[in-house]
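Numbered by the numbering used here, the letters in the sequence shown go through residues 700 to 834 in order.
Below is one structure; the comments refer to it alone.
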Amino acid sequence: MSKVKVLVVDDEIEFATTLAERLNIRGFETTACFCTEDALALIHAKNIPDVVLLDLKMPRMDGMETLEEIKKYNPTIEVIMLTGHGGGIPLVGADRKKFSPFDCIMKPADIHELTLKINQAMAKRQASLNKGEGT
């Protein structure tokens with residue numbers, strides 16, 4: 700069985716790098732990007748992750764806009780939003796229902812909770828792939 704491919708997208712370089720290392724130790728194939736533009740370029744270059752851990756507050760293009768772009772490109776990629784802000788994720792409105800994240804986790808994320816959510820998101824992605832969605 701191949702490793703779950705995780706893309707960490709966060710402009711806090713130390714946080715993203717450390718999280719990617721901690722996930723690699725736990726058996727995930729993890730890449731870190733520090734801006735949404737690089738993350739989207741990686742995805743469009745056919746380096747498709749199974750799960751994206753995406754910071755909500757990013758410069759230039761925020762996490763919700765990036766989520767929408769990811770889902771338009773490949774709806775089977777599961778996205779877990781990360782936020783250090785108490786306001787949470789704006790999941791209201793018709794467009795937000797169409798492009799909603801798999802889950803939202805507050806930073807700093809508990810690594811055990813995060814690995815559980817990643818595995819759950821991967822199971823959902825695998826079910827979508829088995830149905831032939833996003834291909």
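Each residue gets a CB set at the ideal place from its N, CA and C atoms; glycine is no exception.
If you draw a straight line from the Cα of Thr729 to the Cα of Thr717, it is about 11 Å long.
Here the stretch 702-710 makes contact with the stretch 731-748; the two share three or more CB pairs at distances below 8 Å. Inter-segment contact for the stretch 755-767 and the stretch 818-828 is absent: fewer than three beta-carbon pairs are separated by less than 8 Å. Boundaries of the beta strand (DSSP E) around Met780: 777-782. In this model, Lys823 and Leu755 are separated by some 22 Å (Cα to Cα). Contact check for Ile779 against Pro800 passes: the beta carbons are separated by less than 8 Å. Leaving aside the five residues that flank Ser827 on each side, the residues in its chain whose CB is nearer than 6 Å to its CB run, in chain order, Thr775. The C-alpha of Ala744 lies about 31 Å from the C-alpha of Asp809.
In the DSSP assignment, Asp761 is bridged to no other residue.
Taking a 10 Å sphere around the C-beta of Ile724, we find fewer than 16 other C-beta atoms and assign the residue as exposed. For Glu711, the secondary structure class from DSSP, reduced to helix, strand or coil, is coil. The beta carbons of Val703 and Val751 sit no closer together than 8 Å.
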